[in-house]
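Protein chains: 2
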Amino acid sequence: MLNFDPQRYLRIQSGALALTSQLRDAIAASLTEGRRNIFFLGTGGAAILMMPAVQLLQRRSGFPTFLESSAELVLTGHQALGPQSIVIIPSLSGTTRESIAALEYCKGKGAKVFTLVGHAETPLGTAADQTFVNFAEDDTSCESFYLQSLAIALAIMDARQEIAGCAAIVDQLGRLPQLLLEAKRRFEPLAEQIAERWKDEAYHIIIGAGPTWPEAFYYGMCILEEMQWIRTRPVHASDFFHGTLELVDKTVSILLFKGEDETRPLAERVEAFVAGLTDKLQVLDTADVNLPGISPQVRALISPVILAALLERVSAHLEVKRNHPLVTRRYYRRVAY
Amino acid sequence: MLNFDPQRYLRIQSGALALTSQLRDAIAASLTEGRRNIFFLGTGGAAILMMPAVQLLQRRSGFPTFLESSAELVLTGHQALGPQSIVIIPSLSGTTRESIAALEYCKGKGAKVFTLVGHAETPLGTAADQTFVNFAEDDTSCESFYLQSLAIALAIMDARQEIAGCAAIVDQLGRLPQLLLEAKRRFEPLAEQIAERWKDEAYHIIIGAGPTWPEAFYYGMCILEEMQWIRTRPVHASDFFHGTLELVDKTVSILLFKGEDETRPLAERVEAFVAGLTDKLQVLDTADVNLPGISPQVRALISPVILAALLERVSAHLEVKRNHPLVTRRYYRRVAY
């Protein structure tokens, strides 16, 4: 695989999963000591990667769950935030300015703050009530953060007896690093083809639904826009039909994510609609990915994880074909703001 | 004012506000009969227009409040939806397919469903537990839906004694139709200038925060994309710094909304950053709009309403200068999907 270190990938994803029992214990202890709601905070991409877990909790658990932008929360406050709250703040670098401010704000309100970081000796690594460290560089944080936030959601639902067979789910998740590595390897030729087709595209509409919507949002904003300076329009599969569809013609590139959760029909509706309207539809369907031993229930939960694993391969080829390194920035950490 | 009927505008906005007491009574009755949470559903733009009210309730009221996409909800279900729920479904046409499905789904769960429609004799107008009708055509629904959802939020908070001086707020809101009409008139020359500058622009980044973020999302998707076939990237002022900023150069058009709520510093941060980087920054600041008799507290609440009133004037000039009527569609109601 192009510019890829399989051992490092296995280490990072296994590292994320190795935190599962620590996260479960921390959540269980928090519930036992009477914490009564949870906030997922975060900034930019790291916040987006919390969304599938938030969606799962809000729809399937009676435990009050809030998703807030760090930067807004410290300005507006929130009636439910206080000593009764668990706060989750993910930041790979451990230095995200808005997240540091949110951590201080939440601690000031008496909340119990857990951080998910890639580096322990950082402001977010050292100032939390408990820190969960999984060393990782920028390019491989997606699956890791999806899996850590999923572990938190499952821990809450398990403790509240809102989900059956949680241990079996966690057991299956443990097989993922190796399975995703194999999936990447099989996807490599298609990844290169996609990158070849995309290398001169100036604009993509990126569409998902349910747990794959956050991955559409993330891949557009944090990879194509930030790392390749390509314009994107991330749009939810349902919203698409209420505005963005009018932009579609033969020349418009559309990237559509199909997951295996209950919202799959929303992506299928988009596919059926745009198939004849553009010559540039690219569908990524998690159902095409062979993952032996992973149940339909777990495949639904990890649809965004699978997509992130595949898309990293597209990005790897894009940076080469476009002669635009993924690490190049105009402004980030080059200009003060 | 170009292509504008002041009497019709006053009638629609006054009509929305005239529903305030009915909405208050309906909410009070629902709380009295033991309803314990509220869902704002909706599809496309109408759902977006509920967001400021949802944000207000989630951050300032202890009444559990959920925002869900109609299309997703009927597929995924939601643990909190049941006989204990109030459900708000806005749809100007009263015929939105996904919203009709959501209404039937919610009624099946025993929820009390209120619809906000422009036309009574429609599926959404006739099938709800209670229907609030404010006759309006497509082009003037924004302020009306913002104001109706705000009335619902205020009614809940007032009944729960979570806000002081609610009657005075409602009294001030009653002056808005005339004040917004005057604001539009004063804005007309600038609206024409903006439309002139924009008429050949193929892409805009549109930025807001807090209650103005939904207006950025709405104006991009439902006006510029749907009605003018212009590409947009609606992005939250905080997210902007975590990806989309890398797209900015001298040639990129940016539309920035500044409201008067607590999140204003997020918009100011964007303004300070992009001011020297693009020659095409357009700021719309509600603080520039004179509204005699409206308190700072109310101005903060209605920041998206003010912006919607001004932006309608830009759209009116755009359709003429671009020779692209706002009602023209490629696909909507022309193709089955």
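Quick note, the sequences are listed as chains A and B, same order. In the numbering used here, each residue's number is its place in the first sequence (first place is 1) plus 769. In the numbering used here, each residue's number is its place in the second sequence (first place is 1) plus 769. Note that beta-carbon positions come from the ideal geometry of N, C-alpha and C, so glycine has one too. Bear in mind the structure is a predicted one, so any value in this text is a computation, not a measurement.
Report the CB separation of residue i from residue j in whole angstroms; it is logged as a contact under 8 Å.
i: L1046/B; j: A1006/B; result: Incorrect: roughly 15 Å between the Cβ atoms, too far for contact.
i: T864/B; j: T891/B; result: 5 Å
i: L885/B; j: P821/B; result: Their Cβ separation, rounded to whole angstroms, is 14 Å, which puts L885/B and P821/B out of contact at 8 Å.
Residues of chain A with CB closer than 9 Å to the CB of residue i, please, in chain order.
i: G863/B; result: The premise fails here: G863/B is roughly 15 Å from chain A at the closest Cβ pair, so nothing lies under 9 Å.
i: D898/B; result: Correct list: empty, because the minimum Cβ distance to chain A is about 23 Å.
i: H888/B; result: Near H888/B there are no residues of chain A at all, since even the closest Cβ is about 18 Å away, more than 9 Å.
Kindly say whether residue i, judged by its beta-carbon, lies nearer than 8 Å to any beta-carbon of chain B.
i: C991/A; result: yes
i: E957/A; result: no
i: S860/A; result: no
i: Y778/A; result: no
i: E994/A; result: yes
i: F914/A; result: no
i: F808/A; result: no
i: D1008/A; result: yes
i: R805/A; result: no
i: R1002/A; result: yes
Counting only Cβ pairs nearer than 7 Å, list the residues of chain A close to residue i.
i: W998/B; result: E1015 and L1016
i: S830/B; result: Q848
i: F1042/B; result: Y1106
Taking the C-alpha atoms as reference points, what is the distance between residue i and residue j?
i: Q782/B; j: R1068/B; result: 17 Å
i: M996/A; j: P1094/A; result: 7 Å
i: R793/A; j: T900/B; result: 46 Å
i: G811/B; j: I857/B; result: 8 Å
i: S854/B; j: F809/B; result: 10 Å
i: V1021/B; j: R804/A; result: 47 Å
i: Q1066/B; j: L844/A; result: 15 Å
i: L800/A; j: S839/B; result: 32 Å
i: Q1051/A; j: L1025/A; result: 6 Å
i: S790/A; j: E951/A; result: 25 Å
i: K881/A; j: I796/A; result: 10 Å
i: A896/B; j: I869/B; result: 9 Å
i: Q1102/A; j: A815/A; result: This sequence places Arg at residue 1102/A; Gln is not what is there. Spanning the two alpha carbons is a distance of roughly 17 Å.
i: I1075/A; j: R929/A; result: 28 Å
i: W998/A; j: E970/B; result: 19 Å
i: R966/A; j: I1023/A; result: 12 Å
i: I921/A; j: R829/A; result: 14 Å
i: Q776/A; j: P1073/B; result: 50 Å
i: Y923/B; j: N903/B; result: The identity of residue 923/B in the sequence shown is Leu, whereas the question assumes Tyr. For L923/B and N903/B, the distance between alpha carbons rounds to 19 Å.
i: F956/B; j: L945/B; result: 16 Å
i: V939/A; j: M926/A; result: 13 Å
i: N1059/A; j: G977/A; result: 21 Å
i: L826/A; j: F832/A; result: 7 Å
i: L1080/A; j: G784/A; result: 21 Å
i: E984/B; j: I807/B; result: 22 Å
i: I974/A; j: E961/A; result: 20 Å
i: L842/B; j: G934/B; result: 35 Å
i: G1028/B; j: K953/A; result: 45 Å
Examine chain A for any beta-carbon lying closer than 8 Å to the beta-carbon of residue i, and answer yes or no.
i: L919/B; result: no
i: L800/B; result: no
i: T812/B; result: yes
i: E867/B; result: yes
i: S1084/B; result: no
i: R1098/B; result: yes
i: H1011/B; result: yes
i: F901/B; result: no
i: Y972/B; result: yes
i: R1068/B; result: no
List, in chain order, every chain B residue whose beta-carbon is nearer than 7 Å to that of residue i.
i: T1032/A; result: E841, L844 and T845
i: G877/A; result: Result: empty, since nearest Cβ-Cβ is about 17 Å, beyond 7 Å.
Name the chain B residues that come within less than 9 Å of residue i, Cβ to Cβ?
i: G979/A; result: E841, L844 and T845
i: Y874/A; result: Here the premise fails: no neighbours, minimum Cβ distance about 13 Å.
i: Y988/A; result: Near Y988/A there are no residues of chain B at all, since even the closest Cβ is about 10 Å away, more than 9 Å.
For residue i, go through chain B and note every residue whose CB falls closer than 8 Å to its CB, in chain order.
i: A1005/A; result: In the sequence on display, residue 1005/A carries His and not Ala. Under the 8 Å cutoff, chain B gives S838.
i: L1038/A; result: According to the sequence shown, residue 1038/A is Arg rather than Leu. Ordered by position in chain B, the residues that pass the 8 Å Cβ test against R1038/A are Y1106.
Check the Cβ of residue i against every Cβ in chain A and list those closer than 8 Å, keeping chain order.
i: L1035/B; result: A840, E841 and L844
Can you determine whether any heavy atom of the ligand ZN sits closer than 7 Å to the C-beta of residue i, and answer yes or no?
i: A896/B; result: What this structure holds is no ligand at all, so the ligand ZN is not there to describe.
query = Which runs of the alpha helix (DSSP H) fall wholly inside the segment 813-882 of chain A and span at least 4 residues, in chain order?
reply = Counting only runs of 4 or more, we get 814-817, 820-829, 839-845 and 866-877.
task = Identify every run of the beta strand (DSSP E) within the segment 966-1037 of chain B, keeping only runs that are complete inside it and at least 3 residues long; order them along the chain.
result = Whole beta strand (DSSP E) segments, 3+ residues: 972-977, 1000-1005 and 1022-1027.
Complete runs of the alpha helix (DSSP H) confined to the segment 883-913 of chain B [at least 4 residues] = 892-895
ask   = Considering only residues of the segment 1036-1094 of chain A, which uninterrupted beta strand (DSSP E) runs meet the minimum length of 3 residues and lie entirely inside it, listed in chain order?
value = 1050-1054
request  = Run through the segment 774-805 of chain B for me and flag every whole alpha helix (DSSP H) of 4 or more residues, listed as ranges in chain order.
outcome  = 775-787 and 789-801
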